[in-house]
Amino acid sequence: MISTTFYELFDSFMGGARDLHPQKMGVDSFSRSELVGNSYELVGDASDFHFYEKAYDVPYHNRKVIIVFKYYFNGEVSLGAGLSVGDGVRLTALLKKLLMAVSRQNLDDLQLSFFFSDDRREGAVIFDDRLVVRFDQWGARNAYMVSTFECDFVESELFGAIAKNAVKDSLESVSQSVMKVEVEAADKPSAYLRLVKILQKYFW
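Each number in the numbering used here corresponds to the 1-based position in the sequence shown with 346 added.
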């Protein structure tokens, strides 16, 4: 377990893929030798696009959640970080935490772009054109649960927009006006309806 909380990780990822300090993950650096020396597992071909990953328990309110932290490389070139979330973090809770953490002026400037599958059971939100948070609904009555944090690797010509492009290629962009109309539709998942109501109350 590391002492860095889930919300501290979120704040770091809001700054981009390279804004996370290694010490927050219990390592001295994000070099390949340091990651291997701290029991990170290689996924992929080390001479090509690949990453090293390791599972951690992180504090979340009065309990802990499991994350899998990933650090990406293209051959020898360091790209940046991402993570997947094991379970237990609601998207609406993350949005409310963000609401409490920023000033009204910064909140007005915050850009939230939502993307969804056709059935609205999974989706992604892009914060300020930097951070992609993917989410899904595990059951018909359940809320949206956060599944990954992903950032573009802006310093890489080849992988510069990899996170945003993956979202745009697989999910449909849904505007604020469309979401406001759909909140009245009875055929939409309960998680979708709850999300839109939270956005209407606090963000729009």
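Beta carbons: idealized from backbone N, C-alpha and C, even for Gly.
CB of residue i within 8 Å of CB of residue j, strictly
{"i": "L440", "j": "F356", "result": "yes"}
{"i": "V435", "j": "V411", "result": "yes"}
{"i": "A531", "j": "Q483", "result": "no"}
{"i": "I348", "j": "Y402", "result": "yes"}
{"i": "L539", "j": "T438", "result": "no"}
{"i": "C497", "j": "A509", "result": "yes"}
{"i": "M360", "j": "R476", "result": "yes"}
{"i": "Y417", "j": "F352", "result": "no"}
{"i": "V513", "j": "F462", "result": "no"}
{"i": "K543", "j": "V520", "result": "no"}
{"i": "S385", "j": "K400", "result": "yes"}
{"i": "F481", "j": "L458", "result": "no"}
Unbroken alpha helix (DSSP H) run spanning residue i, endpoints
{"i": "E468", "result": "Note, E468: premise wrong, no alpha helix (DSSP H); beta strand (DSSP E) at E468 to F473."}
{"i": "G383", "result": "R378 to G383"}
{"i": "K354", "result": "Before going further, note that residue 354 is Glu rather than Lys in the sequence given. Segment F352 to M360, the alpha helix (DSSP H) holding E354."}
{"i": "M525", "result": "Q522 to E528"}
{"i": "V492", "result": "That residue, V492, is in no alpha helix (DSSP H); its beta strand (DSSP E) goes Y490 to C497."}
Delimiting residues of the beta strand (DSSP E) encompassing residue i
{"i": "G390", "result": "E387 to G390"}
{"i": "R480", "result": "L477 to Q483"}
{"i": "N408", "result": "It is not in any beta strand (DSSP E) - N408 carries neither H nor E in the DSSP assignment."}
{"i": "S516", "result": "Premise fails: S516 lies in the alpha helix (DSSP H), I508 to S516, not in any beta strand (DSSP E)."}
{"i": "S430", "result": "V423 to V431"}
{"i": "S459", "result": "L458 to F462"}
Residue environment, residue i, which counts as buried when at least 16 other CB atoms sit within 10 Å
{"i": "S493", "result": "buried"}
{"i": "R409", "result": "exposed"}
{"i": "Y548", "result": "exposed"}
{"i": "L504", "result": "exposed"}
{"i": "V479", "result": "buried"}
{"i": "S358", "result": "buried"}
{"i": "A470", "result": "buried"}
{"i": "M446", "result": "exposed"}
{"i": "G485", "result": "exposed"}
Presumed contact (8 Å Cβ cut-off) between residue i and residue j, rounded CB distance
{"i": "G318", "j": "F499", "result": "Within the shown structure, residues of the chain are numbered from 347 to 550, placing residue 318 beyond reach of any answer."}
{"i": "V414", "j": "S430", "result": "5 Å"}
{"i": "N420", "j": "S502", "result": "7 Å"}
Beta bridge counterpart(s) of residue i as assigned by DSSP
{"i": "M371", "result": "Partner(s): none; M371 has no beta bridge."}
Closer than 7 Å: residue i CB and nearest the ligand COA heavy atom
{"i": "F352", "result": "Only the bare structure without any ligand can be found here, which leaves the ligand COA out of the picture."}
Neighbour flag for residue i against chain B, beta carbons, 8 Å
{"i": "K442", "result": "This model lacks chain B altogether, as it is built from one protein chain only."}
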